[in-house]
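**Q** If you're matching positions, the sequence shown starts at 317 in the working numbering and goes up one per residue. We put the CB at the ideal spot given by N, CA and C, even for glycine. These numbers were taken from a predicted model, which means no experiment stands behind them.
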Amino acid sequence: MKRFHVHVAVDDLKRSIGFYSVLFAAEPSVIKTDYAKWMLDDPRATSAGLPSASAGSGTPQCAVIG
317 MKRFHVHVAV DDLKRSIGFY SVLFAAEPSV IKTDYAKWML DDPRATSAGL PSASAGSGTP
377 QCAVIG
């Protein structure tokens, strides 16, 4: 089954983890010093937050994986 994947550049990773955890009603499945990832089942999507400095241009990246 395909999964929609989104990477978002964020200014404050810790604050963004709090925001997206409330938005998705779930804690991240992976947390690293420069990365947080949520594997959602409904909708079937993966969302990842990266600090702006490590995300490159800051342009959100989207893809369908499957």
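Out of F335, Y351, R331, K330, which has the shortest C-alpha to C-alpha gap to H323?
**A** Y351
**Q** Return the chain-ordered list of same chain residues with a C-beta closer than 8 Å to the C-beta of Y336, the five sequence neighbours on each side being excluded.
**A** P344, A352, W354, S363, G365
**Q** Do L339 and P367 come within 8 Å of each other at the CB atom, strictly closer than that value?
**A** no
**Q** Kindly indicate which residue of V346, V326, A341 has the alpha-carbon position closest to the one of G359.
**A** Inspection of the sequence shows that residue 359 is occupied by Pro rather than by Gly. Checked all of V346, V326, A341; the closest Cα to P359 is A341.
**Q** In terms of alpha-carbon separation, which member of F320, D327, I333, K318 lies closest to K348?
**A** It is I333.
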